[in-house]
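Trainee:
2 protein chains.
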Amino acid sequence: MTQPANETGGARRGRPGHDQETVLRRAVELFNRRGYDGTSMGDLARELGFTKSAIYHHVPSKSHLLEQALDEALDGLEAVIAAAEENGSVGAYERLRQVVHQSVEVLVAHQPAVTLLLRVRGNSDVELTALRRRREIDARLAALVRAAVVEGSLRDDVAPDLVSRLLFGMVNSLVEWYRPGGPVDADQISDAITTIAFDGLAAGRR
Amino acid sequence: MTQPANETGGARRGRPGHDQETVLRRAVELFNRRGYDGTSMGDLARELGFTKSAIYHHVPSKSHLLEQALDEALDGLEAVIAAAEENGSVGAYERLRQVVHQSVEVLVAHQPAVTLLLRVRGNSDVELTALRRRREIDARLAALVRAAVVEGSLRDDVAPDLVSRLLFGMVNSLVEWYRPGGPVDADQISDAITTIAFDGLAAGRR
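Here the protein sequences come in this chain order: A and B.
Numbering-wise (this note's numbering), the first sequence opens with residue 5 and increments by one.
Numbering-wise (this note's numbering), the second sequence opens with residue 5 and increments by one.
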């Protein structure tokens, strides 16, 4: 999910296409491994085999790379919620299950970018903007849970905000251990999450 | 849970007691906010109002602080699992519920240290040792889940390893949003987690 340059606010520099994308992927990897604040443009240049001045031919700044990665993750998650909110053909319970399922797909497809998003602490304007978008996402998820409780399909003895945090905490946790090509795929993960969360683990509940 | 000096491998320096503890707490806060690799001993000195040379009067090294914090989190989690493993008076299902409940208590009581632990990536010997201990903890949790499946109290149509990862992913997620003195306490969180995970969210399952 590459952002058009006019939407990410950064000037286009250097060669377009593969190189730009490669720089972004390697930068996100490095940010996740060493921490964003612990990674310098010099580190990134070294990682890519560029000189420190050549790196600025490819990207205007470190925060531009962070912004592109966070936009990638947030755009994906926002699209999932919007699709569920606009799905008038099913009830709130099914819309919530749809969000869980499609969120897992986004996390698996954009794992490094989402990992970076989940570690953002608000140390810059770019991070504060991302945190604001995360809070809006959380509010929309909590509203979906509340709608399912009101509809009578979800138990009402656990606070909807707590359900929302824990349910999507379980979803988000997969970025910590999911490995592409590993023993489980996105469908198996989202099936497991919906089974655990909606049906429960206790025997005799299938 | 302050570690005795002889168990954490670091030399005791500076004034003991309150100061030592304060330095550790502030260091963990800073590591969580800026990333461990993004925080220098100079940053920590500034945060504490010490000169850069005075900080070494209080702590031998940055990695010593990291080690103390990771030990605090890991010791707490390991103690919870050991207590459940040694609890012969109840079945595996109850032991698993006990681990969920007591893990939440450890996460709430040692939230900054656990937050740091969950972000460790293996960038040094201290981090690699912590990752090895985390893997052992994960294996013991998965064994508890398997025992509950074998016992017949847990559904057998979701792979135990996946159940274990997702269940404790949900537990761990609370470090991201739990705030001491906030609207929910540790008991409410662990009750919500066990209700969601064991009984399921679908209405009519209480």
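Note that the Cβ used here is the ideal one computed from N, Cα and C, for glycine as well.
For clarity, every value in this text was computed on a predicted model and none was experimentally measured.
Give me the Cα-Cα distance between residue 189/A and residue 79/B, rounded to the nearest whole angstrom.
Mentor: Going by the C-alpha atoms only, they are around 33 Å apart.
Trainee: Can you give the Cα-Cα distance for residue 187/B and residue 46/A, rounded to whole angstroms?
Mentor: If I take the Cα positions, the gap works out to 44 Å.
Trainee: Taking the alpha helix (DSSP H) that residue 138/B belongs to, which residues open and close that run?
Mentor: Residues 129-154.
Trainee: Can you tell me which of 131/B, 105/B and 133/B puts its alpha carbon nearest to the alpha carbon of residue 192/B?
Mentor: Of 131/B, 105/B and 133/B, the residue nearest in Cα terms is 105/B.
Trainee: How is residue 158/A classed by DSSP in three states: helix, strand or coil?
Mentor: Strand at residue 158/A.
Trainee: Are there three or more Cβ pairs, one per stretch, closer than 8 Å when the segment 128-138 of chain B is compared with the segment 85-105 of chain B?
Mentor: Counting Cβ pairs under 8 Å, fewer than three are found: no touch.
Trainee: Looking at the unbroken alpha helix (DSSP H) that takes in residue 98/A, where does it start and where does it end?
Mentor: Residues 96-113.
Trainee: Could you tell me the distance, in whole angstroms, from the CA atom of residue 136/A to the CA atom of residue 36/B?
Mentor: For residue 136/A and residue 36/B, the distance between alpha carbons rounds to 19 Å.
Trainee: Cβ of residue 81/A less than 9 Å from any chain B Cβ?
Mentor: Chain B, which has no Cβ nearer than 9 Å to the Cβ of residue 81/A, makes this no.
Trainee: Can you tell me whether DSSP reads residue 190/B as helix, strand or coil?
Mentor: Helix, per DSSP.
Trainee: How would you write the range of the alpha helix (DSSP H) that residue 172/B sits in, first residue to last?
Mentor: 164-176 is the extent of the alpha helix (DSSP H) around residue 172/B.
Trainee: Using the three-state DSSP reduction, which class does residue 206/A fall into: helix, strand or coil?
Mentor: Strand.
Trainee: Quick one: grab the DSSP three-state call for residue 64/B.
Mentor: Of the three classes helix, strand and coil, the one that applies to residue 64/B here is coil, per DSSP.
Trainee: Express the C-alpha separation of residue 107/A and residue 100/B in angstroms, rounding to a whole number.
Mentor: Taking the straight line joining both Cα atoms gives about 28 Å.
Trainee: For residue 12/B, which residues of its own chain have a beta-carbon under 7 Å away from its beta-carbon, when the five flanking residues on both sides are left out?
Mentor: Unreliable positioning characterises residue 12/B in this predicted model, as indicated by a pLDDT of 40, which lies under 50. A coordinate reading is not provided.
Trainee: Quick check on this structure: which residue in 165/B, 185/B, 207/B and 148/B has the alpha carbon closest to the alpha carbon of residue 92/B?
Mentor: It is 148/B.
Trainee: Along the chain, where does the alpha helix (DSSP H) that runs through residue 41/A open and close?
Mentor: Premise fails: residue 41/A is in no alpha helix (DSSP H) and is neither H nor E.
Trainee: Could you name the residues of the same chain whose beta carbon sits closer than 7 Å to that of residue 27/B, not counting the 5 residues immediately before and after it, in chain order?
Mentor: Excluding sequence neighbours, residue 27/B sits near 52, 62 and 63.
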